[in-house]
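Asker: Okay, here's the structure, questions in a sec.
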Amino acid sequence: MTQIYAYIPFANGTAEDVALEYPSAAKKIDAGATLTAVVAGTGADLDKVANAMTAVYKEVIKIDNAAMAYPNAEIVRKALVSVLPADAIVLAPHNTFGMDLAPGLSIKMNSAYAADIVDIEGIEGSSLKLIRQELGGAVSTHVTTDISAGAVITIRPGAFAPVEGGSAGGSVTDKSADAGDLSAKRKFLEVVEAEVGDVDITKSDVLVSIGRGIEEEENIAIAQELADAMKAVVSCSRPIVDAKWLEKSRQVGTSGQTVKPKVYMAMGISGSFQHLGGIKGNPFIVAVNKNPKAPIFQVADVGIVENILEFMPALTEAINEL
Amino acid sequence: MEILVCVKRVPDTAENEFELNSAGNDLDRDDLVYSVNEWDNYAVEEAIQIVDKIGGNVTVVTVGDDESEEVLRREMAMGANNGILLTDDAFEGSDGKGIATILKAEVEKGKYDLIMTGAQADEGAGQVGGMLAAMLDLPYASLVNKIEPGEGKIKVGREIEGGNQEMNEIELPCVVSIQTGINEPRYVGIRGIRKVASVEIPEKGASDLGVDASAVGEAGAKTKRVDYFVPDLGDGAEMLEGSTDEIITALIEKLKAKGGL
Ligand SMILES: Cc1cc2nc3c(=O)[nH]c(=O)nc-3n(C[C@H](O)[C@H](O)[C@H](O)COP(=O)(O)OP(=O)(O)OC[C@H]3O[C@@H](n4cnc5c(N)ncnc54)[C@H](O)[C@@H]3O)c2cc1C
Ligand SMILES: Nc1ncnc2c1ncn2[C@@H]1O[C@H](COP(=O)(O)O)[C@@H](O)[C@H]1O
Numbered sequence: 001m002t003q004i005y006a007y008i009p010f011a012n013g014t015a016e017d018v019a020l021e022y023p024s025a026a027k028k029i030d031a032g033a034t035l036t037a038v039v040a041g042t043g044a045d046l047d048k049v050a051n052a053m054t055a056v057y058k059e060v061i062k063i064d065n066a067a068m069a070y071p072n073a074e075i076v077r078k079a080l081v082s083v084l085p086a087d088a089i090v091l092a093p094h095n096t097f098g099m100d101l102a103p104g105l106s107i108k109m110n111s112a113y114a115a116d117i118v119d120i121e122g123i124e125g126s127s128l129k130l131i132r133q134e135l136g137g138a139v140s141t142h143v144t145t146d147i148s149a150g151a152v153i154t155i156r157p158g159a160f161a162p163v164e165g166g167s168a169g170g171s172v173t174d175k176s177a178d179a180g181d182l183s184a185k186r187k188f189l190e191v192v193e194a195e196v197g198d199v200d201i202t203k204s205d206v207l208v209s210i211g212r213g214i215e216e217e218e219n220i221a222i223a224q225e226l227a228d229a230m231k232a233v234v235s236c237s238r239p240i241v242d243a244k245w246l247e248k249s250r251q252v253g254t255s256g257q258t259v260k261p262k263v264y265m266a267m268g269i270s271g272s273f274q275h276l277g278g279i280k281g282n283p284f285i286v287a288v289n290k291n292p293k294a295p296i297f298q299v300a301d302v303g304i305v306e307n308i309l310e311f312m313p314a315l316t317e318a319i320n321e322l
Numbered sequence: 001m002e003i004l005v006c007v008k009r010v011p012d013t014a015e016n017e018f019e020l021n022s023a024g025n026d027l028d029r030d031d032l033v034y035s036v037n038e039w040d041n042y043a044v045e046e047a048i049q050i051v052d053k054i055g056g057n058v059t060v061v062t063v064g065d066d067e068s069e070e071v072l073r074r075e076m077a078m079g080a081n082n083g084i085l086l087t088d089d090a091f092e093g094s095d096g097k098g099i100a101t102i103l104k105a106e107v108e109k110g111k112y113d114l115i116m117t118g119a120q121a122d123e124g125a126g127q128v129g130g131m132l133a134a135m136l137d138l139p140y141a142s143l144v145n146k147i148e149p150g151e152g153k154i155k156v157g158r159e160i161e162g163g164n165q166e167m168n169e170i171e172l173p174c175v176v177s178i179q180t181g182i183n184e185p186r187y188v189g190i191r192g193i194r195k196v197a198s199v200e201i202p203e204k205g206a207s208d209l210g211v212d213a214s215a216v217g218e219a220g221a222k223t224k225r226v227d228y229f230v231p232d233l234g235d236g237a238e239m240l241e242g243s244t245d246e247i248i249t250a251l252i253e254k255l256k257a258k259g260g261l
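Protein sequence lines correspond, in order, to chains D and G. Residue numbers for the first sequence follow the numbering used here, beginning at 1 and rising by one. Residue numbers for the second sequence follow the numbering used here, beginning at 1 and rising by one.
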């Protein structure tokens with residue numbers, strides 16, 4: 001029987017949303033599998049999360065150790081290797097923690113690794129068929145992974161439907177004594193909060209958001225003129241911040257701001273999942289991109305295949321004449 | 001500080017419209033434009049800046065085919081001191097673990113204080129750095145966006161959700177994966193590339209590295225790509241067509257209806 005273990009990330013006593021998404025993923029792997037939640041940390045926060053998980057999972061493993069007061073991936077990895085059976089299928093989120101933990105975990109467990117899974121087709125023999133994306137979402141692929149000696153699989157947060165918790169009536173097993181040596185060569189120091197910028201893009205109902213398609217720093221003025229005409233604010237994708245053309249506080253996405261506008265104008269943005277992860281509240285999305293195959297057109301409400309450097313000034317002029 | 005940076009030649013997402021081939025099992029690769037993986041450029045730049053500050057050498061390494069040599073030369077034009085090309089028919093079809101196995105063999109032939117990879121490459125996996133570190137039993141930090149070198153250790157910032165930064169102290173030698181934005185990679189012109197055009201780049205295969213050919217490549221891969229496909233997109237966007245004027249008129253009506261104007 002397939003044994004699936006779901007690693008539950010949490011902060012301040014609350015599990016991340018992915019905790020409710022794992023059961024859907026596990027069902028797609030094997031509807032008959034046993035699914036166990038694994039919660040690692042320490043103290044009251046840990047207990048709170050472990051108890052909350054009994055509403056969603058029949059079995060919950062808790063690993064309590066002061067060394068995991070902050071989830072240092074090196075330490076969590078050691079604990080998981082000690083506690084889990086060698087042929088386990090382990091699920092983790094494909095986020096900044098999962099990327100830190102999971103590849104190395106697969107090596108230490110001597111199992112297969114599959115990253116950033118967006119859908120699952122199921123098991124045939126010892127092979128699990130999965131769906132993922134490449135090239136920033138421009139293409140999708142089927143991959144098979146040999147699960148005969150176990151597997152570590154990271155799932156994309158938000159890709160699997162959340163389940164309603166409440167009725168699992170599970171119980172918590174304390175495996176803290178099995179965690180073994182948790183010494184580490186990497187020491188967590190502190191979290192430095194992101195700086196607050198001059199404008200708060202999260203407060204604006206309308207965002208004119210620019211991506212690498214803006215091409216040159218000087219062209220940002222074109223977007224600002226459109227934003228002025230629309231009484232909107234200019235936000236952006238990550239490469240614009242990396243290039244230091246706009247402040248970090250203007251970046252939309254998982255490593256930037258989460259915005260909830262009414263209207264989102266995606267100008268020369270390809271539509272990577274990290275970017276889309278920052279757009280919530282189901283806004284009306286207008287995408288303008290010169291590539292008719294850009295992934296952004298899969299999620300936008302309205303798509304326009306045009307060069308933004310010509311389209312934005314024309315739109316600005318038309319709006320100013322209204 | 002002796003620094004090894006792992007780099008990969010990848011299709012350039014900004015320059016290409018990706019199409020499937022006629023059999024539908026691969027990309028149509030004939031006209032694809034390739035370049036250095038975006039994240040790897042930041043890693044090489046960071047390595048060069050560290051060496052400029054405290055001394056040492058930067059070596060760039062790639063697992064690939066003959067054409068991958070061009071990315072090594074490009075990074076050497078940026079300022080990397082040495083390049084190494086790991087190439088063998090037996091390496092083809094490697095999964096992340098296979099690539100990490102090959103890189104590990106090369107790492108063990110040198111004496112590096114710091115090994116860098118990009119946070120992720122074209123397949124969006126973000127796996128090779130963490131695997132390599134675990135195989136070498138070295139500490140690892142992913143998504144690094146700040147490095148402060150110290151004595152026998154470095155202080156690193158990891159980018160986490162919301163743009164917050166997780167600071168860590170990590171013992172050397174170690175492996176880090178580099179996130180974009182950590183620096184501003186320098187521009188490389190044609191003249192720079194010409195300067196390193198005749199520098200010798202050693203090539204090594206499975207036997208030179210002492211890598212068991214059955215542990216890498218297609219044969220050793222536990223995770224394999226079966227095909228590429230275009231997903232069934234459901235509705236997708238309503239595409240506005242016609243002249244720019246017509247599109248703008250239609251768009252303005254929609255924006256008015258949705259509260260955008
Ligand atoms: C851990 C992690 C966290 C990340 N966090 C974020 C995040 O918070 N936010 C974020 O945005 N990204 C984030 N990224 C990066 C993300 O993966 C993508 O690389 C990024 O979103 C791409 O930005 P883009 O769409 O502007 O650029 P590209 O992907 O290069 O797309 C540019 C688009 O512009 C189009 N274009 C080019 N010129 C024109 C023109 N003249 N007119 C019209 N269209 C044009 C192109 O066809 C293309 O579709 C993160 C990555 C990682 C690994
Ligand atoms: N073929 C390769 N040769 C050298 N380094 C690689 C190769 N593939 C991946 N890497 C390194 O691993 C990083 C992450 O890639 P990936 O794990 O494939 O997403 C890249 O940025 C490179 O630094």
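Every residue, glycine too, gets a C-beta built ideally from N, C-alpha and C. Since this is a predicted model, take the numbers as computed values, not measurements.
1. Return the chain-ordered ranges of every beta strand (DSSP E) run that is complete within the segment 54–109 of chain D and spans a minimum of 3 residues.
2. Name, going along the chain, the residues of the segment 129–153 of chain G whose beta-carbon falls closer than 8 Å to a beta-carbon of chain D.
3. Is S127 of chain D near ligand 1, judged by its Cβ being under 6 Å from some heavy atom?
4. Could you tell me if G130 of chain G is buried or exposed, where buried requires 16 or more neighbouring beta carbons within 10 angstroms of its beta carbon?
5. By the criterion of Cβ-Cβ separation under 7 Å, what are the contact partners of Q127 of chain G in chain D?
6. Look at S235 of chain D and I214 of chain D and say whether their C-beta atoms are less than 7 Å apart.
7. Anything in chain G within Cβ reach of E218 of chain D, meaning under 8 Å, just list it in chain order.
8. Please state the DSSP three-state secondary structure of R191 of chain G.
9. Taking a Cβ distance cut-off of 8 Å, strictly less, list which residues of the segment 261–278 of chain D are near chain G, in chain order.
10. Since G96 of chain G meets chain D, which of its residues come closer than 8 Å, beta carbon to beta carbon?
11. Quick one: measure Cβ to Cβ for S142 of chain G and M99 of chain D, integer angstroms, because I've assumed they're closer than 8 Å.
12. T59 of chain G and N82 of chain G: beta carbons closer than 7 Å?
13. Work out the CA separation of G210 of chain G and G98 of chain G for me, nearest whole Å.
14. Just confirm the distance between the C-beta atoms of F273 of chain D and G137 of chain D, as a whole number of angstroms; I'd bet it's less than 8 Å.
15. So what does DSSP say about I285 of chain D, is it helix, strand or coil?
16. Report yes if the CB atom of I299 of chain G is closer than 7 Å to the CB atom of I147 of chain G, and no otherwise.
17. Identify the residues that DSSP records as bridge partners of H142 of chain D: which are they?
18. Have a look at T223 of chain G and V38 of chain D and give me their C-alpha separation to the nearest angstrom.
19. Would V172 of chain D and A26 of chain D be called neighbours here (beta carbons separated by less than 7 Å)?
20. Use the C-beta contact count for L226 of chain D: other C-beta atoms within 10 angstroms, 16 or more gives buried, fewer gives exposed.
21. Three or more C-beta pairs closer than 8 Å, one from the segment 18–33 of chain G and one from the segment 69–85 of chain G: is that the case here?
22. Am I right that A77 of chain G and I193 of chain G are in contact with their C-beta atoms under 8 Å? What's the rounded C-beta distance?
23. Which full runs of the beta strand (DSSP E) of 3+ residues lie inside the segment 182–252 of chain D, going along the chain?
24. Taking just the CA atoms, how far does A151 of chain D sit from P283 of chain D?
25. Following a CB-centred definition, is A125 of chain G positioned closer than 6 Å to any heavy atom of ligand 2?
26. I'd like the span of the beta strand (DSSP E) that includes R158 of chain G, first residue to last.
Answerer: This is what the structure gives:
1. Segments of the beta strand (DSSP E) lying fully in the segment 54–109 of chain D: 59–64 and 89–93.
2. Listed by position, the residues of the segment 129–153 of chain G near chain D (Cβ gap below 8 Å) are G129, G130, M131, A133, A134, M135, L138, P139, Y140, A141, S142 and L143.
3. Working through the first sequence from its first residue, we reach residue 127 of chain D at position 127. For ligand 1, not one heavy atom lies less than 6 Å from the Cβ of S127 of chain D.
4. The residue given as residue 130 of chain G occupies position 130 in the second sequence. Its Cβ being crowded by 16 or more others within 10 Å, G130 of chain G is buried.
5. The count along the second sequence starts at 1 and reaches residue 127 of chain G at position 127. Those within 7 Å of Q127 of chain G in chain D are P103, Y113 and A115.
6. Here residue 235 of chain D corresponds to residue number 235 of the first sequence, with the count starting at 1. Here residue 214 of chain D corresponds to residue number 214 of the first sequence, with the count starting at 1. Going by C-beta atoms, S235 of chain D is not nearer than 7 Å to I214 of chain D.
7. Taking the first residue of the first sequence as position 1, residue 218 of chain D is located at position 218. Per Cβ cutoff of 8 Å: no residues; E218 of chain D is ~17 Å from chain G at best.
8. Translated into the one-based positions of the second sequence, residue 191 of chain G becomes position 191. Helix at R191 of chain G.
9. Residues K262, V263, M265 and S270.
10. Residue numbering aside, residue 96 of chain G sits at position 96 when the second sequence is read from its first letter. Against chain D, a Cβ distance below 8 Å from G96 of chain G picks out P103, Y113 and A115.
11. What you label residue 142 of chain G is simply residue 142 of the second sequence in a count that begins at 1. What you label residue 99 of chain D is simply residue 99 of the first sequence in a count that begins at 1. Indeed, because the Cβ distance is near 5 Å, the residues count as touching under 8 Å.
12. Position 59 of the second sequence, counted from the start, is the residue given in the question as residue 59 of chain G. Position 82 of the second sequence, counted from the start, is the residue given in the question as residue 82 of chain G. Going by C-beta atoms, T59 of chain G is nearer than 7 Å to N82 of chain G.
13. For the purposes of this step, residue 98 of chain G is identified with residue 98 of the second sequence, where counting begins at 1. For the purposes of this step, residue 210 of chain G is identified with residue 210 of the second sequence, where counting begins at 1. Cα-Cα distance, rounded: 14 Å.
14. Residue 273 of chain D sits at position 273 when you count from the first residue of the first sequence. Residue 137 of chain D sits at position 137 when you count from the first residue of the first sequence. Right, their Cβ atoms sit about 6 Å apart.
15. Position 285 of the first sequence, counting from 1, holds the residue named residue 285 of chain D. Looking at I285 of chain D - three-state DSSP - the assignment turns out to be strand.
16. Chain G is shown from 1 up to 261; residue 299 of chain G falls before or after that span and cannot be answered.
17. Counting from one through the first sequence, the residue named residue 142 of chain D turns up at place 142. Answer is D:I131 and G:D227.
18. Here residue 223 of chain G refers to the residue found at position 223 of the second sequence. Here residue 38 of chain D refers to the residue found at position 38 of the first sequence. Roughly 25 Å separates the two Cα atoms.
19. If you number the first sequence from 1, residue 172 of chain D lands on position 172. If you number the first sequence from 1, residue 26 of chain D lands on position 26. No. Outside cutoff.
20. Residue numbering aside, residue 226 of chain D sits at position 226 when the first sequence is read from its first letter. Result: buried.
21. They do not touch, by the three-pair rule.
22. If you number the second sequence from 1, residue 77 of chain G lands on position 77. If you number the second sequence from 1, residue 193 of chain G lands on position 193. That pair is a contact at about 5 Å.
23. The qualifying runs are 186–192, 206–210 and 233–236.
24. Taking the first sequence and counting its residues from 1, the one referred to as residue 283 of chain D is at position 283. Taking the first sequence and counting its residues from 1, the one referred to as residue 151 of chain D is at position 151. One C-alpha to the other measures close to 37 Å.
25. Within the second sequence, numbered from 1, the residue matching residue 125 of chain G stands at position 125. Result yes, Cβ under 6 Å from ligand 2.
26. The residue you call residue 158 of chain G lines up with position 158 of the second sequence. Taken as a continuous stretch (DSSP letters only), the beta strand (DSSP E) holding R158 of chain G covers K153 to E159.
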